[in-house]
Amino acid sequence: MVTHSATLEINERVAAYRSAGRRIVHLGFGEAGLPVLPALADRLREAAGDNSYAPVAGSEEVRHAAAGYWHRRGIPTGDDQMLVAPGSKPLLYAALAAIEGDVVLPMPSWVTYAAQAALAGKRVIPAPIPTDHGGIPDPDGLADTLRRARADGADPRLLVVTLPDNPTGTVASEAAVRGICEIADRHGLVIVSDEIYRDLVHDGGPVTSPAVLLPDRTIVTGGLSKNLALGGWRIGFARVPATTEGTAWHAAILGIASELWSCMATPMERVAAYALGEPEVVANHITRSRRLHAAVATAVAAIFTDAGATLRPPTAGFYLYPDLESARTKLTRIGVRTGADLAHYLLDEHGLAVLPGESFGDTPAAFRSRVATSLLYGDTEQRWEALGSAEPARLPWIAAELERLRDILARVMTP
Ligand SMILES: Cc1ncc(COP(=O)(O)O)c(C=O)c1O
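The sequence shown begins at 1382 in the numbering used here and counts up by one.
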């Protein structure tokens, strides 16, 4: 059985604590934590009367806009290569279900991939990430992992990568992406490249997509849940290769879509078509969001590092993946032995919500956790202020949460 998604569950536990009057530093939920850009709300209002079903793959208008989004990122795309859906999550599932074979996943990687692979009746082959960033398997170990998996009776034919990555908040280098593309090519793997965070690289730098390096074997997904904080509006898209095989994958994904969700909500198509055209007001909003995520993620990373945790310095999105191994002796003494124990202890005893690395496929005994920094921005008005601030980590409501975090970590980590 696939259980309740760990990320959604922690959110509900935090809500229960808060409604009982407890103060919680909530670093457990990966929502972008920013308000809706008014220009997008205007588009939604204008389209509210549009209640007919849309084409399963999406209207010509929205697919054309989505193709343009990839084109501007150096990935030329025809409108027929695109599909849109209520979020990229269903498209990822459809891609995994539509293509035969077992699934290689970076370890750790986003909670949903392994659950979706299980739903699609596939084995998961975990492949450890490199030491300097996540999102892809370590190219040095991938070929061995594939050989061992085959010897063990698995049939690895799909590789999911996350560029930039959740949970580590990092983006793989071009050399590393090239490395895994070469191995994927040699071993006949199809790459599913989840690029939902690609507009949130902290320094605005580019993301090297396998769709450029291995164009015939890469399906790319993206969406507006992170760059425009529209998670609840459910806007996602996928791009298949312009090949005979790509066309077959498109048809197979479409078949699943037609029986599971029928289409993206028609008013959302209109929002997506506008947003994916990237008018200046949208592009500026994304730039301000990226800068805010960068400033706060960097400030939180410094607090973890100062407290004695180790982590990959964050370079994209709004996540960190700290390891509290240096406090093991102290924590073991009070009965904390696994990452899950640690997450419970932090929430129940200290009011700090994080997700254990085990939820992301990491070793259960490791004291690694996924920390999301985007719920620190405050309420709606405060979020607008944070977006406009040159030094958001110094805003009083954010600084107060950071101070609280510093205190908690000092109590947890000091021998
Ligand atoms: C790596 C990754 N992919 C996809 C998604 C979900 O995207 P969507 O809202 O488009 O379904 C998330 C959201 O947490 C994510 O972290």
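Glycine is no exception: its CB is placed at the ideal position from the N, C-alpha and C atoms. These figures come from a predicted structure and were not determined experimentally.
For this session: Verify the contact flag: T1543, CB atom, against every heavy atom of ligand 1, threshold strictly below 7 angstroms.
Result: yes
For this session: Tell me whether W1491 counts as near ligand 1, meaning its Cβ is closer than 7 angstroms to at least one heavy atom of that ligand.
Result: yes
For this session: Check D1519 in the structure and name its three-state DSSP category.
Result: coil
Exercise. Candidates E1772, I1480, R1693 and D1743: which alpha carbon is nearest G1569's?
Worked result: I1480
Problem set entry | Whole-angstrom distance between Y1474 and L1421, CA atom to CA atom | 27 angstroms
Exercise. What residues match up with Y1700 in a beta bridge as DSSP calls it?
Worked result: A1753
Exercise. So is the beta-carbon of I1572 under 7 angstroms away from any non-hydrogen atom of ligand 1?
Worked result: no
Problem set entry | Nearest to P1596 (by Cα), restricted to the options R1579, D1566, G1612 and D1575 | D1566
For this session: Note the first and the last residue of the continuous alpha helix (DSSP H) segment covering E1794.
Result: The displayed chain sequence assigns Met, not Glu, to residue 1794. Counting along the chain, the alpha helix (DSSP H) containing M1794 begins and ends at P1777 to M1794.
Exercise. What do you reckon, is the C-beta of S1755 under 7 angstroms from a heavy atom of ligand 1?
Worked result: no
Exercise. Would the C-beta of G1604 count as close to ligand 1, meaning under 7 angstroms from any of its heavy atoms?
Worked result: yes
Exercise. Is it the case that the Cβ atoms of V1541 and V1588 are separated by a distance below 8 angstroms?
Worked result: no
Exercise. Using the rule of at least 16 other Cβ atoms within 10 Å of the residue's Cβ for burial, across every protein chain shown, is H1583 buried or exposed?
Worked result: buried
For this session: Could you tell me whether any non-hydrogen atom of ligand 1 is closer than 7 angstroms to the CB of I1506?
Result: no
Exercise. Counting Cβ pairs closer than 8 angstroms, one from the stretch 1397 to 1404 and one from the stretch 1739 to 1749, do we hit at least three?
Worked result: no
Problem set entry | S1670 Cβ short of 7 angstroms to ligand 1 heavy atom set | no
For this session: Give me whichever residues DSSP pairs with M1488 in a beta bridge.
Result: P1509
Problem set entry | Residues bridged to T1719 (per DSSP) | BP columns for T1719 are empty, so no partner.
Exercise. For I1634 versus L1464, is the C-beta distance shorter than 8 angstroms?
Worked result: yes
Exercise. How do the stretch 1675 to 1688 and the stretch 1640 to 1649 stand: do at least 3 beta-carbon pairs fall below 8 angstroms, yes or no?
Worked result: no
Exercise. Got a sec? Which residues, its chain only, sit under 8 angstroms from S1825 by beta carbon, not counting five neighbours each side?
Worked result: No information on residue 1825 is available, as it lies outside the stretch 1382 to 1796 that the chain covers here.
Exercise. Under the three-state reduction of DSSP, which class applies to M1645: helix, strand or coil?
Worked result: coil
Exercise. CA-CA distance, A1535 and G1759?
Worked result: 47 angstroms
Exercise. What runs of the alpha helix (DSSP H), each 4 residues or longer, lie entirely inside the stretch 1660 to 1710?
Worked result: 1661 to 1688
For this session: Measure how close the beta-carbons of G1627 and Q1462 come, nearest whole angstrom, since I'm counting them as under 8 angstroms.
Result: 7 angstroms
Problem set entry | Distance between R1671 and R1529 (C-alpha atoms, nearest Å) | 40 angstroms
Exercise. Going straight from the alpha carbon of M1645 to that of V1484, what length do you get?
Worked result: 27 angstroms
Exercise. Given a threshold of 16 other Cβ atoms within 10 Å of its Cβ, counted over all protein chains shown, does D1575 qualify as buried or as exposed?
Worked result: buried
Problem set entry | Beta-carbon spacing of G1482, R1531 below 8 angstroms | no
Exercise. Comparing the CB of K1470 with every heavy atom of ligand 1, is any distance shorter than 7 angstroms?
Worked result: yes
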